[in-house]
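Take the sequence shown: its letter number 374 is residue 471 in my numbering, and every next letter is one higher.
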Amino acid sequence: MEYDAQFFDSIDEVDAKKWNSALNDKNIYLSIPYLRALETGLKTYNFKYIIFYDQAKDPIGICYCQIIKITSADIDTAALVQRMGGMLPQNIIKRIDLRILICGNAFASGENGFWFKDDVITQNAIELVNKAIEDIHNAEKKRGNKISITMIKEFWPASFEAISYLKEKGCLEINIDVNMVLTLKEEWTQFDDYLDAMNSKFRTKAKQVLQKSSRIEIRKFTEETILIHLQEIDEMYNTIVDKANFSFGRLNATTLLLVKKALGDDFYFNGYFMNNKLIGFSTATHFDNVLDGNFIGLDYNFNQEFAMYQRMLYDFVEHALQVKAKYVRIGRTAEEIKSGIGALPVEMKFYAKHRNKIKNALLKPFVNKLEPSNFELRKPFKSEYYR
98 MEYDAQFFDS
108 IDEVDAKKWN
118 SALNDKNIYL
128 SIPYLRALET
138 GLKTYNFKYI
148 IFYDQAKDPI
158 GICYCQIIKI
168 TSADIDTAAL
178 VQRMGGMLPQ
188 NIIKRIDLRI
198 LICGNAFASG
208 ENGFWFKDDV
218 ITQNAIELVN
228 KAIEDIHNAE
238 KKRGNKISIT
248 MIKEFWPASF
258 EAISYLKEKG
268 CLEINIDVNM
278 VLTLKEEWTQ
288 FDDYLDAMNS
298 KFRTKAKQVL
308 QKSSRIEIRK
318 FTEETILIHL
328 QEIDEMYNTI
338 VDKANFSFGR
348 LNATTLLLVK
358 KALGDDFYFN
368 GYFMNNKLIG
378 FSTATHFDNV
388 LDGNFIGLDY
398 NFNQEFAMYQ
408 RMLYDFVEHA
418 LQVKAKYVRI
428 GRTAEEIKSG
438 IGALPVEMKF
448 YAKHRNKIKN
458 ALLKPFVNKL
468 EPSNFELRKP
478 FKSEYYR
């Protein structure tokens, strides 16, 4: 497919009118205010923005990429080797030092890397994105800024057929851990309706969580309260990231503050207090009919006694009902606990390619060993929910 494109290194260089014409308010994670918040807060990242045009020079699509550095320090190497069946030697993985181009959002699950107008066929859109990524790679190489791996993340099942095109272009298909998604019934208008839909065992568990956490004071954070607690937010967020097997990147409290300024009420931000001390926080983004759980932070000294993590999950559900969302997306970790609030697993895939053809071929058998984590799926609702 023939195309023309403009490439930008900063969101402030982008023609907002053309960008918004292609986006048409379809994805909050590709909105200019949100992208500006990320770019402003993440000083060590490089960002790329692309506007695609048809032959009449009208905008038909947009694309957003991040270039980040990944080292062995960002990966739980032992966990990765174990998931690959011991095939990847520790002495190799401990020397990882890569510049990775990510088409998509390192901090939000889903198809947030590009958007095209409805009359552009999905496979054509992916072809254009792939060509644009090649152009970025070549331009960076000429500047002496070698990119080791390109990655396009991450796709929902409805897109699987169209994105298989990327395998023809040498990309490796990677099945990542499932995204846990709770579907809210239309008749649930308040939190008690959600609880009533549970079977007695899980309704009792939910009420126990609410009782254990009843001493916690929950405050809705504004820009002003986030600013007051920046240091604690950073510390608790980093505690969570440090426990993860792998992280595409690391946010900071200042960036969360900037996102709150950019999105306002669409960026839900709760602070959890005990005796006026911040002991946890949670954030979620509301768009269309989705509440997308993003980030949490915890002081683990309080987590078990007060069931903080589970309380945060139930608070996501309650807020989703308040804003009349249909889906609550709560990410890829702690799948068993999340299934206990009613979330079901949704398969996701992303595509990656090492820029060295030999290394890309050598990576294939290791990537094929990667599979989503196993977990026990709980079904907390009465049988009619699952019909």
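Using N, Cα and C, we set each Cβ at its ideal position, and we do this for glycine too.
Along the chain, where does the beta strand (DSSP E) containing residue i start, and where does it finish?
{"i": "residue 270", "result": "269-280"}
{"i": "residue 213", "result": "211-213"}
{"i": "residue 377", "result": "374-384"}
{"i": "residue 474", "result": "Unbroken run through residue 474: none, as it is neither H nor E."}
{"i": "residue 309", "result": "Residue 309 -> not in any beta strand (DSSP E); alpha helix (DSSP H) instead, spanning 297-309."}
{"i": "residue 367", "result": "364-371"}
Does the Cβ-Cβ distance between residue i and residue j come in under 9 Å?
{"i": "residue 211", "j": "residue 267", "result": "no"}
{"i": "residue 380", "j": "residue 137", "result": "no"}
{"i": "residue 145", "j": "residue 164", "result": "yes"}
{"i": "residue 167", "j": "residue 200", "result": "no"}
{"i": "residue 424", "j": "residue 279", "result": "yes"}
{"i": "residue 359", "j": "residue 203", "result": "no"}
{"i": "residue 209", "j": "residue 429", "result": "no"}
{"i": "residue 251", "j": "residue 273", "result": "yes"}
{"i": "residue 198", "j": "residue 247", "result": "yes"}
{"i": "residue 483", "j": "residue 394", "result": "no"}
{"i": "residue 383", "j": "residue 411", "result": "no"}
{"i": "residue 390", "j": "residue 427", "result": "yes"}
Just reading off the alpha helix (DSSP H) that residue i is part of, what are its end residues?
{"i": "residue 405", "result": "405-419"}
{"i": "residue 433", "result": "432-436"}
{"i": "residue 317", "result": "That residue, residue 317, is in no alpha helix (DSSP H); its beta strand (DSSP E) goes 314-317."}
{"i": "residue 135", "result": "129-138"}
{"i": "residue 263", "result": "262-265"}
{"i": "residue 427", "result": "Here residue 427 belongs to no alpha helix (DSSP H), and DSSP marks it neither H nor E."}
{"i": "residue 321", "result": "320-325"}
{"i": "residue 290", "result": "288-293"}
Quick check on DSSP: helix, strand or coil for residue i?
{"i": "residue 235", "result": "helix"}
{"i": "residue 359", "result": "helix"}
{"i": "residue 180", "result": "At residue 180 the pLDDT is 49, less than 50, meaning the model places this residue with poor confidence; the figure from the coordinates comes in the next sentence. Correct three-state label for residue 180: helix."}
{"i": "residue 441", "result": "strand"}
{"i": "residue 74", "result": "Residue 74 lies beyond the stretch modelled for the chain, which goes from 98 to 484, so this question has no answer here."}
{"i": "residue 203", "result": "coil"}
{"i": "residue 479", "result": "coil"}
{"i": "residue 349", "result": "coil"}
{"i": "residue 124", "result": "coil"}
{"i": "residue 490", "result": "An answer regarding residue 490 cannot be provided, because it is not within the stretch 98 to 484 covered by the chain."}
{"i": "residue 340", "result": "helix"}
Below 8 Å on the Cβ atoms is my contact criterion, and I expect residue i with residue j to pass it. Report the Cβ-Cβ distance as a whole number of Å.
{"i": "residue 371", "j": "residue 312", "result": "7 Å"}
{"i": "residue 486", "j": "residue 239", "result": "Summary: the structure shown does not reach residue 486, with the chain confined to residues 98 through 484, and so no result is reported for it."}
Would you call the region 251-266 and the region 398-407 in contact, with 3 or more CB pairs under 8 Å? The region 251-266 makes no contact with the region 398-407, as fewer than three CB pairs between them are under 8 Å.
Evaluate the contact criterion for the region 430-437 versus the region 280-290: three or more CB pairs, one atom per stretch, below 8 Å. No, because fewer than three Cβ pairs between the region 430-437 and the region 280-290 fall closer than 8 Å, the two stretches do not touch.
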